[in-house]
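Beneath this line is the structure, given in structure tokens, with notes to follow.
In this note's numbering, the protein residues as written are 1 to 197.
This is the structure:
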């Protein structure tokens with residue numbers, strides 16, 4: 001029997017911060033630790049502010065809360081989804097530059113939060129997800145979750161207070177990965193889901 005920590009058809013509800021063990025499928029059956037480290041070749045380089053933050057183990061643990069991630073469709077489709085996700089997070093968190101050793105995307109997962117944001121990313125007109133005084137909703141995590149209207153629902157779905165404690169996304173590796181997977185797997189209106197099959 002498959003234990004469900006989170007069920008995600010279109011809306012995630014009450015995943016909480018439990019370790020979602022017991023799934024029949026694991027992302028590790030498609031993405032090995034060695035492959036992960038070869039894709040993010042310099043993520044633990046001393047020059048990267050996120051050194052040692054984004055671990056393979058945290059990614060695998062977080063992915064267990066999203067049973068359809070990399071687990072829908074044919075093997076080729078599942079690999080494409082995982083590859084697309086990894087490409088997106090590499091783009092969001094790269095510390096590389098055009099002439100960087102091994103290319104700019106070998107430096108993915110170099111940052112865990114936006115550096116020198118131009119604003120606090122507070123949409124004060126959003127009454128459903130009101131900003132907490134003094135808090136910044138700048139980009140954090142593998143997908144650079146931004147804005148109060150994303151931190152609020154991510155926190156509700158995953159069991160943390162995203163409006164009053166947005167910093168947890170850059171302080172807890174598992175939560176950080178969960179927010180990236182939540183954003184990837186949850187419809188962001190007016191945009192459709194990334195994966196629709």
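Glycine residues also receive a C-beta, built at the ideal position from the N, C-alpha and C atoms. All values reported here derive from a predicted model rather than from experimental measurement.
> Where are the alpha helix (DSSP H) runs, 4 residues long or more, that stay fully inside the region 50-103, in chain order?
Replying inline: If we require 4 residues or more, the alpha helix (DSSP H) runs fully inside the region 50-103 come out as 56-63 and 75-93.
>> For residue 39, tell me which candidate among 163, 75 and 88 has the shortest Cα-Cα distance.
In response: Nearest of 163, 75 and 88 to residue 39, Cα basis: 88.
>> Measuring alpha carbon to alpha carbon, tell me which residue in 115, 94, 27 and 33 is nearest residue 105.
In response: The shortest Cα separation from residue 105 among 115, 94, 27 and 33 belongs to 94.
>> Tell me whether the region 97-117 and the region 131-138 touch, counting them as touching only if at least three CB pairs, one residue from each stretch, are closer than 8 Å.
In response: The region 97-117 is in contact with the region 131-138.
>> Going by DSSP in three states, residue 113 sits in which element: helix, strand or coil?
In response: It is a strand residue.
> Are residue 36 and residue 54 close, meaning C-beta to C-beta below 7 Å?
Replying inline: Cβ atoms of residue 36 and residue 54: not closer than 7 Å.
> Under the rule that 16 or more other beta-carbon atoms within 10 Å means buried, what is residue 32, buried or exposed?
Replying inline: Classification for residue 32: exposed.
>> Quick check on this structure: which residue in 191, 181 and 189 has the alpha carbon closest to the alpha carbon of residue 67?
In response: The candidate whose alpha carbon is nearest that of residue 67 is 181.
> DSSP beta-bridge partners for residue 145?
Replying inline: 140, per the DSSP bridge assignment.
> Going straight from the alpha carbon of residue 177 to that of residue 74, what length do you get?
Replying inline: Pairing residue 177 with residue 74, the inter-Cα distance amounts to about 24 Å.
> Should residue 96 and residue 82 be called a contact, given that it needs their Cβ atoms to be closer than 7 Å?
Replying inline: No. Outside cutoff.
>> Please tell me whether residue 100 and residue 107 are closer than 7 Å, where the distance is taken between their beta carbons.
In response: Taking 7 Å as the Cβ cut-off, residue 100 and residue 107 qualify as a contacting pair.
> Can you round the beta-carbon distance between residue 148 and residue 131 to whole angstroms, since I take them to be within the 8 Å contact cut?
Replying inline: Taking the Cβ atoms as the reference, residue 148 lies roughly 5 Å from residue 131, within the contact range of under 8 Å.
>> Let me check understanding here. Comparing Cα to Cα, which of 52, 72 and 65 lies closest to residue 157?
In response: Per the Cα distances, 65.
>> Going by C-alpha to C-alpha distance, which of 27, 124, 129 and 122 sits closest to residue 85?
In response: When only C-alpha atoms are compared, the closest one is 27.
>> Assuming contact is defined by CB atoms lying nearer than 7 Å, are residue 43 and residue 109 in contact in what I supplied?
In response: The answer is yes: Cβ separation under 7 Å.
> Taking C-beta to C-beta, are residue 179 and residue 145 nearer than 7 Å?
Replying inline: Yes, Cβ-Cβ distance for residue 179 and residue 145 is below 7 Å.
> Exposed or buried, residue 118, counting other C-beta atoms within 10 Å across all chains shown (16 or more means buried)?
Replying inline: With a threshold of 16 other beta carbon atoms within 10 Å, residue 118 falls short and is exposed.
> Can you name, in chain order, every residue of its own chain whose Cβ lies under 7 Å from the Cβ of residue 30, other than the five neighbours on each side?
Replying inline: Within its own chain, the residues whose Cβ lies closer than 7 Å to the Cβ of residue 30, once the five positions on either side in sequence are excluded, are 70, 78, 79 and 82, listed in chain order.
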